[in-house]
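Going by our numbering, the residue at position 79 of the sequence shown is 94; the numbering climbs one at a time, nothing skipped. The C-beta atom is built at its ideal place from N, Cα and C for all residues, glycine as well. Below is one structure; the comments refer to it alone.
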Amino acid sequence: MLPSPGPTLQFLGATGTVTGSRYLVESGGTRVLVDCGLFQGYKVLRERNWRPFPVPADSIDAVVLTHAHLDHSGYLPRLVREGFRGPVYCTRASRDLCGLLLPDSGRLLEEEARFAALKGYSRHARPEPLYDEEAARAALRQLRPIEFGRQFELPGGMSASFIVAGHILGAAQVTLTVAGRRLHFTGDLGRPADALLPPPAPLPPCDVLVCESTYGDRSHPHVDGETEIATVIRRVAARGGVAVVPAFAVGRAQELLLHLARLQQGGTIPRVPVYLNSPMASKATSLYRSHIGEHRLSAQDCDALFGIATIIEDVEASKALNRRRGPMVIISASGMLTGGRVLHHVEAFGPDPRNAILLSGYQAGGTRGAALRDGQRTLRMFGRNVDIRAEVVQLQSFSAHADADEILAWLARSATPPSSIYVTHGEPTAADTLRARMRRELGWNARVPDQMERVDLGVAADAARD
Numbered sequence: 016m017l018p019s020p021g022p023t024l025q026f027l028g029a030t031g032t033v034t035g036s037r038y039l040v041e042s043g044g045t046r047v048l049v050d051c052g053l054f055q056g057y058k059v060l061r062e063r064n065w066r067p068f069p070v071p072a073d074s075i076d077a078v079v080l081t082h083a084h085l086d087h088s089g090y091l092p093r094l095v096r097e098g099f100r101g102p103v104y105c106t107r108a109s110r111d112l113c114g115l116l117l118p119d120s121g122r123l124l125e126e127e128a129r130f131a132a133l134k135g136y137s138r139h140a141r142p143e144p145l146y147d148e149e150a151a152r153a154a155l156r157q158l159r160p161i162e163f164g165r166q167f168e169l170p171g172g173m174s175a176s177f178i179v180a181g182h183i184l185g186a187a188q189v190t191l192t193v194a195g196r197r198l199h200f201t202g203d204l205g206r207p208a209d210a211l212l213p214p215p216a217p218l219p220p221c222d223v224l225v226c227e228s229t230y231g232d233r234s235h236p237h238v239d240g241e242t243e244i245a246t247v248i249r250r251v252a253a254r255g256g257v258a259v260v261p262a263f264a265v266g267r268a269q270e271l272l273l274h275l276a277r278l279q280q281g282g283t284i285p286r287v288p289v290y291l292n293s294p295m296a297s298k299a300t301s302l303y304r305s306h307i308g309e310h311r312l313s314a315q316d317c318d319a320l321f322g323i324a325t326i327i328e329d330v331e332a333s334k335a336l337n338r339r340r341g342p343m344v345i346i347s348a349s350g351m352l353t354g355g356r357v358l359h360h361v362e363a364f365g366p367d368p369r370n371a372i373l374l375s376g377y378q379a380g381g382t383r384g385a386a387l388r389d390g391q392r393t394l395r396m397f398g399r400n401v402d403i404r405a406e407v408v409q410l411q412s413f414s415a416h417a418d419a420d421e422i423l424a425w426l427a428r429s430a431t432p433p434s435s436i437y438v439t440h441g442e443p444t445a446a447d448t449l450r451a452r453m454r455r456e457l458g459w460n461a462r463v464p465d466q467m468e469r470v471d472l473g474v475a476a477d478a479a480r481d
């Protein structure tokens, strides 16, 4: 299909999946990419990371990141390696978090490739990482931090600005103006009463809205987070067990530490040892001190996060944890059991029914976390099957994503509805359910785009006026 002569928006990812956020805006020969995420989960999705990028990397003039999570930023080192040389705009906190997440991602990819070669479970004779730590650090040099609320110029006469999204530290919604059209990207929307972060800023006037739908087909239960986690920790501690908590190093780990600190201080749970076995989560926690005012925590709260846990830095100390006995709590990344040190803890403690694995956030389809959530009790790790006899608990109150009701309430407060809404960043049922509710309850012109679909922004913006 020939490209439209007017400005266009093409969906290069986050369609039919919650991962791989990539939106290409083109106008007058200029290309701006909003988000540059990794595909995660099912193998068919992960294999997309290895395909040539849909347009030449060196033809992209700029990238705008909504936030630092790898499903939004994690492909950036590969894009740079393939020839992208433009600026990458993000908030200050996202710049700082990318400085942790991207090199760590490169290290993990290198380690996984080396381990696969050592154990011989790759189908490649010499498995290579998608990118390495060096490539990640090279990509960081192209980050350009921008303050919330400040309009900044992009190539080709485009402009953009960031407003608060909640979700994680530094997360932003993006309004991009191109050829007189206002595109608004929600990124990942946080919750109105998040323990760590402020609520999403109101939706500004826009012509075209690209809206996430991670929880588009469900509502979060009204469960108090501290009550929920206290019940599980008391139960596991009473039987001398180990609570292994796979947690996203940015956001989820800090929220869990905050609740555990408050519960221990109040005597609601026993003072069992708590270990934070994620160097990246430890460093991310320290960033909250550097960004006081962008979250709900006081300096005293930040001190409490560090006071509750023993920080595990080196690999030998991580291995030693697996030889300890409970009761204890181990918080470690990654949150969906896709990699990282937590896999070794699940391997060590998963077979013992005294222990528990606490899933603390969204589990994308095709991940080990989703398999456990759905009742599978054998996990494939390190080239072999591991039987899981530990108790598996999906915590219900620890999501950093707005649910369907919260998204609809946020949208309904908009004084001027967008002309067109594209529902993305959700698995098929979630995206289509939210689309249907937008049409039924708000009367908004919403649809779910296809992967690689390109839309004419002029036609999209005028669709509801015809």
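Looking at the strands, I want to know which residues DSSP matches up with residue i.
i, result
"S42", "T45"
"D471", "T23"
"R249", "The partner list for R249 (beta bridge, DSSP) is empty, contrary to what the question assumes."
"V344", "A258, V289"
"H199", "T190, L224"
"F177", "V189"
"V78", "L48, V103"
"R159", "Y104"
"L394", "V401"
"F167", "A175"
"I244", "Per DSSP, none; premise fails for I244."
"Y146", "Y146 is not bridged to any residue."
Using the Cβ count rule (16 or more neighbours within 10 Å means buried), how would you classify residue i?
i, result
"R307", "Going by the sequence as given, residue 307 is Ile instead of Arg. That one is exposed."
"H84", "buried"
"A417", "buried"
"L302", "buried"
"Q269", "buried"
"A108", "buried"
"W459", "buried"
"S313", "exposed"
"A415", "buried"
"D389", "exposed"
"Q279", "buried"
"N292", "buried"
"A29", "buried"
"G281", "exposed"
Who are the near neighbours of residue i in its chain, counting only those whose CB is closer than 6 Å to its CB and skipping five residues on each side?
i, result
"T325", "Y290"
"L24", "V40, V470, L472"
"V438", "C226, S228, A446, L449, R450, A461, V463"
"S412", "V238, G240, E243"
Tell me which same chain residues have a C-beta within less than 7 Å of the C-beta of residue i, skipping the five on either side of it?
i, result
"A151", "P92, L117, P118, S120, G121"
"H447", "Per the sequence presented here, residue 447 reads as Asp, with His not at that position. V463, listed in sequence order."
"A405", "F364, G365, D367, P368, N370, A371, I372"
"L115", "M295, K298, A299"
"Y43", "The identity of residue 43 in the sequence shown is Gly, whereas the question assumes Tyr. Cβ neighbours of G43 beyond the five flanking positions: G171."
"T106", "P160, I161, F163, F177, G185, A187"
"F68", "L94, E97"
Which residue marks the beginning of the alpha helix (DSSP H) containing residue i, and which one marks its end?
i, result
"H274", "267-280"
"R93", "91-96"
"A443", "First, the residue type needs correcting, since residue 443 is Pro and not Ala in the sequence shown. Here the alpha helix (DSSP H) through P443 covers 443-452."
"Q315", "314-323"
"M295", "294-305"
"L423", "419-427"
"S333", "330-336"
"F364", "357-364"
"A385", "383-388"
"S234", "No alpha helix (DSSP H) contains S234, which DSSP labels as neither H nor E."
How close, in whole Å, do the beta carbons of residue i and residue j come, if the pair is a contact with beta carbons under 8 Å?
i, j, result
"V33", "T300", "Incorrect: roughly 25 Å between the Cβ atoms, too far for contact."
"Q55", "A461", "Not really, about 25 Å apart at Cβ, beyond 8 Å."
"A201", "V238", "For clarity, residue 201 is Thr in the given sequence; the question names Ala instead. About 25 Å; that fails the 8 Å criterion."
"D50", "L80", "6 Å"
"I345", "V265", "At roughly 18 Å, the Cβ-Cβ gap does not stay under 8 Å, so I345 and V265 are not in contact."
"H274", "E241", "5 Å"
"T197", "P22", "Before going further, note that residue 197 is Arg rather than Thr in the sequence given. In fact, because the Cβ distance is near 11 Å, the residues do not count as touching under 8 Å."
"A153", "V78", "Not really, about 14 Å apart at Cβ, beyond 8 Å."
"G255", "P213", "At roughly 40 Å, the Cβ-Cβ gap does not stay under 8 Å, so G255 and P213 are not in contact."
"G231", "A385", "Their Cβ separation, rounded to whole angstroms, is 17 Å, which puts G231 and A385 out of contact at 8 Å."
"G35", "G52", "5 Å"
"H360", "V259", "5 Å"
For the beta strand (DSSP E) that contains residue i, what are its first and last residues?
i, result
"Y104", "103-105"
"P261", "257-261"
"S435", "435-439"
"L374", "371-374"
"E406", "406-409"
Ordered along the chain, which non-local residues of its own chain (more than five positions away) have a Cβ less than 8 Å from that of residue i?
i, result
"L123", "G354, G355"
"L17", "Because the pLDDT of L17 is 44, which lies under 50, any placement of that residue in the model is unreliable, and the question is left without a value."
"D402", "G365, P366, R392, T393"
"T192", "M173, S174, A175, L198"
Can you find a C-beta in chain B that's less than 8 Å from the C-beta of residue i?
i, result
"F177", "Although the question refers to chain B, the structure presented lacks it and comprises just one protein chain."
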